[in-house]
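**Q**
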Amino acid sequence: MKNFKLLINLVVVATSFMFFQCTSEYTPIVGPAGADGVDGVDGVNGVDGAGAVCISCHSNEHRDPIYAAYVLSNHYGPDGNGLDGSWARGTSASCAQCHNNQGFIDFQSGLYVDANGNQSANPNGYAVSNPITCTGCHDVHRSFDFDNDGNDYALRTLAPVALIIDPDTSIDVNNDSDPMGYSNTCINCHQPRTPAPTPNAFGNYKVTSTHWGPHHGPQGTFLYGLGGAILPGAMPAVGDAGHAKGASCVSCHMGEPTAADNGGHTWNPTANACLSCHDTEPEGVEGLDALRATLLVELQTKGLDSTGTKYIFDANGNLQTGTYPVKVSQAAFNYILLMEDRSNGIHNPEYAKDLATNSINALQNN
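Now the structure itself:
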């Protein structure tokens, strides 16, 4: 009997193991991998995010070449080292609007006016002169609908520019080469600060400084045939120059580069810019060098002051202070303007030649 009960118990235990094995999870043995299935159909492209259009410009890939070009420009620094990019007198209230980054920003803000009520930088001046940087000329976009409104490159101003020498006269660069007026940004500073001489009651004009003249950046007005002293003789109509009507600052000075040191933000003209309109790349206006040399000699030999004791330019070509007959002062002003334009007359060839010729004639007939 005991053996029978033991046998029954063993059968029960064995049966339980059998059921346990049958109900346990099956672990398959992995076989060899099968062939890849056919690729599925690509999904539909998603919609570009709001910032996609920004990346094309606001990326290191786009900005790095611009900065590399800018480092080579005179806007970065006269010595190309960035240490003196604000030039001289950037703290001065009257100079800061072009020689101080913050001064130009303040000038464009419209927050300040000078003693004559004209838009200006801070009339109290600046404790520090900040070098000119990207933020001086660029701020925020007026519109992000570039397809319909065009890309303004976030320039601070595209507006016509009232001249410092005559606020009632404005220049608006707007032609096929620059339909949005990018070049108006340039005109703000590339214009004379001193008007041409006018006579006092005695027909004279007093030159008070050896740095007298239109200032160092008269290119904008020169392009349009403005800023020089008008003397008897032929003169082209204002704004009639081919470069004023069919070219612009940006089309000539920011063209497609032919080397690392020209075009773009170097602002050095390229052969590409010239050859898009001309058969050759001129280095200057033919005959202008000779006219300027003759004018200087005339000023050194016929440009006597009102006392008849000294000439307006000495033998070394240095300007002399003093009181001079107005025609002498006007001829000297035109000579300085022709030199400070720094384009060898290319900005406005006929205007350049007429200024020189009329100034020579005025001295010879004085």
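If you count by mature numbering (1 follows the signal peptide of the UniProt record, and there is no 0), then the sequence shown holds residues -21 to -1, 1 to 345, one letter each, in order.
Cβ coordinates follow ideal geometry from the N, Cα and C atoms, glycine included.
Just so you know, these numbers come straight off a predicted model, no measurement behind them.
#1: When DSSP labels each residue in this structure, what does Y49 get in the three-state scheme?
#2: Find the nearest neighbour of D333 within the set N39, S162, S52 and G212, judged by alpha-carbon distance.
#3: Identify the residues that DSSP records as bridge partners of K185: which are they?
#4: Which value, in whole angstroms, describes the spacing of the CA atoms of G73 and S108?
#5: List in chain order: all unbroken beta strand (DSSP E) runs of 3+ residues lying wholly within the region 278 to 325.
#6: Among residues of its own chain, excluding the 5 on either side of M214, which ones have a beta-carbon nearer than 6 Å to its beta-carbon?
#7: List the residues that DSSP assigns as beta-bridge partners of S255.
#8: Give me, in chain order, the residues of the same chain whose beta-carbon lies closer than 8 Å to that of A47; leave out the 5 immediate sequence neighbours on both sides.
#9: Let's test the definition: count the other Cβ atoms within 10 Å of the Cβ of N95 and tell me whether it reaches 16, buried, or not, exposed.
#10: Would you mind working out which of S52, D85 and A311 sits nearest A208, comparing C-alpha positions?
#11: Which runs of the beta strand (DSSP E), 3 residues or longer, sit entirely within the region 159 to 232?
#12: Our contact map puts T249 next to P236 with C-beta atoms below 8 Å; I'd like the distance itself, whole angstroms only.
#13: Which residue's Cα is closest to the Cα of D268: H232, L317 and N251?
#14: I'd like to know whether the C-beta atoms of G166 and V152 end up nearer to each other than 8 Å.
#15: Touching or not, the region 165 to 184 and the region 194 to 209, by the rule of three or more beta carbon pairs under 8 Å?
#16: In terms of DSSP beta bridges, what is Q98 paired with?
#17: Using CA coordinates, which residue listed in I325, S322, Q87 and D284 is at the minimum distance from Q309?
#18: Quick one: measure Cβ to Cβ for G206 and D219, integer angstroms, because I've assumed they're closer than 8 Å.
#19: My understanding is that K306 touches Q299, with C-beta atoms under 8 Å, so please give their C-beta distance in whole angstroms.
#20: Let me confirm a value: E277 is counted as buried when at least 16 other C-beta atoms fall within 10 Å, else exposed. Which label applies?
#21: Express the C-alpha separation of C228 and T245 in angstroms, rounding to a whole number.
#22: State buried or exposed for S149, treating a residue as buried only when at least 16 other CB atoms are found within 10 Å of its CB.
#23: Along the chain, where does the alpha helix (DSSP H) containing E329 start, and where does it finish?
#24: For the alpha helix (DSSP H) holding G115, just list the boundary residues, first then last.
#25: Going along the chain, which residues of its own chain have a beta-carbon closer than 8 Å to the beta-carbon of T259, five neighbours each way excluded?
#26: Look at the alpha carbon of P7 and the alpha carbon of D15, and state the distance between them as a whole number of angstroms.
#27: Going by the beta-carbon positions, is the gap between Y303 and N183 smaller than 8 Å?
#28: Exposed or buried, what is Q343 when buried is set at 16 or more other beta-carbons lying within 10 Å of its beta-carbon?
#29: Where does V140 sit, in a helix, a strand or coil, going by DSSP?
#30: Who are the Cβ neighbours of N163 in its own chain at under 7 Å, not counting the five residues just before and after it?
#31: Going straight from the alpha carbon of R321 to that of A331, what length do you get?
#32: For D18, does the count of other Cβ atoms within 10 angstroms reach 16, so buried, or fall short, so exposed?
#33: Of all the options V119, N79 and G13, which has the alpha carbon lying nearest to the alpha carbon of A100?
#34: Confirm, please, whether the CB-CB distance from Q98 to F86 is below 8 Å.
#35: Short check: CB of L210 to CB of N337, under 8 Å?
#36: Expressed to the nearest angstrom, what Euclidean distance is found between the alpha-carbon atoms of D118 and A223?
**A** By the coordinates alone:
#1: helix
#2: G212
#3: T302
#4: One detail in the question is off: residue 73 reads as Ser in this sequence, not Gly. Whole-angstrom Cα-Cα distance: 13 Å.
#5: 301 to 304
#6: D333
#7: Looking at the DSSP assignment, S255 forms no beta bridge with any residue, so it has no partner.
#8: A239
#9: exposed
#10: A311
#11: 183 to 186
#12: 6 Å
#13: L317
#14: A small correction: the amino acid at residue 166 is Ile; Gly does not occupy that position in the sequence shown. Taking 8 Å as the Cβ cut-off, I166 and V152 qualify as a contacting pair.
#15: yes
#16: V92
#17: D284
#18: Rounded, the Cβ-Cβ distance is 15 Å, inconsistent with contact.
#19: 16 Å between Cβ atoms; not a contact.
#20: buried
#21: 12 Å
#22: exposed
#23: P328 to Q343
#24: C113 to C116
#25: C253
#26: 21 Å
#27: yes
#28: exposed
#29: strand
#30: T136, L137, A138, P139, V140, D151 and V152
#31: 11 Å
#32: exposed
#33: N79
#34: yes
#35: yes
#36: 27 Å
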